[in-house]
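The opening position of the sequence shown corresponds to residue 122 in this note's numbering, with each subsequent residue numbered one higher. Below is one structure, written out as structure tokens; the observations come after it.
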Amino acid sequence: MINLPSLATLHSRERALLIQNIMREIPQEIGTEAYLYCSVAKGYADQYSDIEITFLVDEVQETAVYENWLRSIGATVDPATMEWGGGYTTKSWIDGIFIEAAWRPFEAIDSTLEKVVTGKTTYHWKLVDAWHIFHAVPVKTSPRLEQWQKKLETYPDLLQVKLIEDAVRYLAEPHWYPLSLAHAYPLAKRHNPMKLAGELSWTVERALRILFAVNKQWEPDYKWLQFEEKRLIQKPERLVERVNDVFLHPDLVERYKMSVQLLIDTLQLIPEEIDVSKEIVHLQEALDPETLNMRED
Numbered sequence: 122m123i124n125l126p127s128l129a130t131l132h133s134r135e136r137a138l139l140i141q142n143i144m145r146e147i148p149q150e151i152g153t154e155a156y157l158y159c160s161v162a163k164g165y166a167d168q169y170s171d172i173e174i175t176f177l178v179d180e181v182q183e184t185a186v187y188e189n190w191l192r193s194i195g196a197t198v199d200p201a202t203m204e205w206g207g208g209y210t211t212k213s214w215i216d217g218i219f220i221e222a223a224w225r226p227f228e229a230i231d232s233t234l235e236k237v238v239t240g241k242t243t244y245h246w247k248l249v250d251a252w253h254i255f256h257a258v259p260v261k262t263s264p265r266l267e268q269w270q271k272k273l274e275t276y277p278d279l280l281q282v283k284l285i286e287d288a289v290r291y292l293a294e295p296h297w298y299p300l301s302l303a304h305a306y307p308l309a310k311r312h313n314p315m316k317l318a319g320e321l322s323w324t325v326e327r328a329l330r331i332l333f334a335v336n337k338q339w340e341p342d343y344k345w346l347q348f349e350e351k352r353l354i355q356k357p358e359r360l361v362e363r364v365n366d367v368f369l370h371p372d373l374v375e376r377y378k379m380s381v382q383l384l385i386d387t388l389q390l391i392p393e394e395i396d397v398s399k400e401i402v403h404l405q406e407a408l409d410p411e412t413l414n415m416r417e418d
């Protein structure tokens, strides 16, 4: 039996049952351990969700071995296998449901998590990998998964500091500086929503990275923000609604100001021992770009 969260959706349970049936007679060489992750494991899955499963191996075999096994259980396999996470990921369909199955060696995940827990990386997708693993659900005896989840129970103080420092970098630079947030304002005034959206995404993602670090929660894939924000104790009010408003408000200038204000409100939640007072003042100035000196002295 695959143990999903108690409030898991019907689509999550249907997909877990499909995997449970597949795993009944899986050969040992296909994977010594296996786990579900992402929307099915977290109970979020809807009718559009795929199944994401990782098989753990000592050594990755040729992709044909895994593709042939998928075909043997009735899957339609896309030949576009990709390298990922130190191994491979395949794309296939069973009963009309898309399955993203990955084969990864134990040592590759060991290496990734060691970098994460020691603060040697703040790369978003490495942290998302940790998030996936921490909330993964075993579908085949997985003692190594249990060890990894135990390691990830404590969010490292060093990682929190490094991630916040990375996220606030350049925010106190002069407003004429090329990476200043104020440079998004002319895009709003010129009514260039496509380019503005890219700049606002960068600003909002900074705020979200900081929020998850402040709360010592593993950084998620932000497409699931409406669910993951519930893990945050410290957060601006109406977080999800405000993030959505940044990209949906009809006035582009208001979108710009909303994104800056969201970042200000986020910085005010950072622990006092990490001084971001200059960055906050600078962002407050950027709320009114018409008064700023946007040219180098």
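Note that CB positions come from ideal geometry on N, CA and C, so glycine has one too. This one's a predicted model, so the numbers in the text were calculated from it and none came from an experiment.
Cut-off 7 Å between Cβ atoms - residues of its own chain near D418, not counting five sequence neighbours on either side:
To locate residue 418, count along the sequence shown from 1; it is residue 297. At D418 the pLDDT is 42, less than 50, meaning the model places this residue with poor confidence; the figure from the coordinates comes in the next sentence. For D418, where only same-chain residues beyond five positions count, there are no Cβ hits under 7 Å.
Can you give, in chain order, each stretch of the beta strand (DSSP E) that sits fully within the stretch 170–250 and has at least 3 residues?
172–178, 197–205, 208–215, 218–226
Apply the 10 Å Cβ neighbour rule to D250 and answer buried if 16 or more other Cβ atoms are within range, or exposed otherwise.
By 1-based counting over the sequence shown, the position of residue 250 is 129. So D250 counts as buried.
If we ignore side chains and look at the alpha-carbon of each, how far apart do I174 and V186 end up?
The count along the sequence shown starts at 1 and reaches residue 174 at position 53. The count along the sequence shown starts at 1 and reaches residue 186 at position 65. Whole-angstrom Cα-Cα distance: 17 Å.
Pick from P200, E411, D396, E326: whose alpha carbon is nearest that of H245?
Reading the sequence shown from its first residue, position 124 is the one you call residue 245. It is E326 whose Cα lies nearest to the Cα of H245.
Looking at V381: is its Cβ nearer than 8 Å to the Cβ of A309?
Your numbering for residue 381 matches position 260 in the sequence shown. Your numbering for residue 309 matches position 188 in the sequence shown. No, Cβ-Cβ distance for V381 and A309 is not below 8 Å.
To the nearest angstrom, how far is it from the Cα of L138 to the Cα of I123?
Reading the sequence shown from its first residue, position 17 is the one you call residue 138. Reading the sequence shown from its first residue, position 2 is the one you call residue 123. Looking at the two C-alpha atoms, the distance is approximately 8 Å.
Contacts around H253, its chain only, beta-carbon distance under 7 Å, and the 5 residues preceding and following it disregarded:
The residue labelled residue 253 in the question sits at position 132 within the sequence shown. Once the five neighbours on either side are set aside, the close Cβ partners of H253 are Y158, C159.
How would you write the range of the alpha helix (DSSP H) that A155 sits in, first residue to last?
On the sequence shown, residue 155 is found 34 positions in, with the first residue counted as 1. That residue, A155, is in no alpha helix (DSSP H); its beta strand (DSSP E) goes 154–158.
On the premise that L266 lies in contact with P277, defined as a C-beta separation below 8 Å, what is that separation, rounded to the nearest angstrom?
Here residue 277 corresponds to residue number 156 of the sequence shown, with the count starting at 1. Here residue 266 corresponds to residue number 145 of the sequence shown, with the count starting at 1. The Cβ separation is near 20 Å, so there is no contact.
Who are the near neighbours of Q355 in its chain, counting only those whose CB is closer than 7 Å to its CB and skipping five residues on each side?
Counting from one through the sequence shown, the residue named residue 355 turns up at place 234. Excluding positions up to five away in sequence, the list reads V335, N336, L390.
What is the residue span of the alpha helix (DSSP H) that K310 lies within?
Sequence index remark: in the sequence shown, residue 310 carries index 189 (1-based). Its alpha helix (DSSP H) spans residues 306–310.
Chain-order list of residues whose beta-carbon lies under 7 Å from that of A303 (same chain, five-residue window excluded):
Position 182 of the sequence shown, counting from 1, holds the residue named residue 303. The residues are H296, A407, P410, L413, M415.
Is the CB-CB distance between W269 and L234 below 8 Å?
Stepping through the sequence shown from its first residue, residue 269 is reached at position 148. Stepping through the sequence shown from its first residue, residue 234 is reached at position 113. Contact flag set, yes.
Are at least three pairs of beta-carbons, each pair with one atom in the stretch 397–404 and one in the stretch 286–301, less than 8 Å apart?
yes
Under 8 Å between the Cβ atoms of G152 and L125?
Sequence index remark: in the sequence shown, residue 152 carries index 31 (1-based). Sequence index remark: in the sequence shown, residue 125 carries index 4 (1-based). Cβ distance not < 8 Å, so G152 and L125 don't count as in contact.
Hey, out of Q149, P357, L284, whose CA is closest to T387's CA?
One-based indexing of the sequence shown puts residue 387 at position 266. Taking only the C-alpha atoms, the option nearest T387 is P357.
Please name the residue or residues paired with P259 in a DSSP beta bridge.
As a position in the sequence shown, residue 259 is number 138, starting the count at 1. Answer is Y156, bridged to P259.
Would you decide whether W339 is buried or exposed? Buried here means 16 or more other CB atoms lie within 10 Å of its CB.
In the sequence shown, counting from the first residue as 1, residue 339 sits at position 218. W339 should be labelled buried.
I'd like the span of the alpha helix (DSSP H) that includes H132, first residue to last.
Along the sequence shown, one-based indexing puts residue 132 at 11. Taken as a continuous stretch (DSSP letters only), the alpha helix (DSSP H) holding H132 covers 131–143.
CB of P226 within 8 Å of CB of G195, strictly:
In the sequence shown, residue 226 corresponds to position 105, counting from 1. In the sequence shown, residue 195 corresponds to position 74, counting from 1. No, the Cβ-Cβ distance between P226 and G195 is not below 8 Å.
Tell me the DSSP secondary structure of D418 in three-state form.
Start at 1 with the first residue of the sequence shown, and residue 418 comes out as number 297. With a pLDDT of 42 at D418, under the threshold of 50, the modelled position of that residue is not reliable, and no figure is offered here.
Consult DSSP for S380 and reduce its assignment to one of helix, strand or coil.
Locating residue 380 in the sequence shown gives position 259, counting from the first residue. The answer is helix: DSSP assigns S380 an H, G or I state.
L384 versus R290: straight-line alpha-carbon distance, rounded
As a working note, residue 384 is residue 263 in the sequence shown. As a working note, residue 290 is residue 169 in the sequence shown. Going by the C-alpha atoms only, they are around 13 Å apart.
Close Cβ partners of S232 (< 8 Å) along its chain, the five nearest in sequence each way excluded
Translated into positions along the sequence shown, residue 232 becomes position 111. Excluding positions up to five away in sequence, the list reads G207.
Within the same chain, show all residues whose beta-carbon is closer than 8 Å to that of A229, passing over the 5 residues directly before and after it, in chain order.
Along the sequence shown, read from residue 1 onward, the residue named residue 229 stands at position 108. Taken in chain order, the residues that qualify are G206, G207, G208.
What separation, rounded to the nearest whole angstrom, lies between the Cα atoms of F348 and L332?
Position 227 of the sequence shown, counting from 1, holds the residue named residue 348. Position 211 of the sequence shown, counting from 1, holds the residue named residue 332. Cα to Cα, F348 sits roughly 14 Å from L332.
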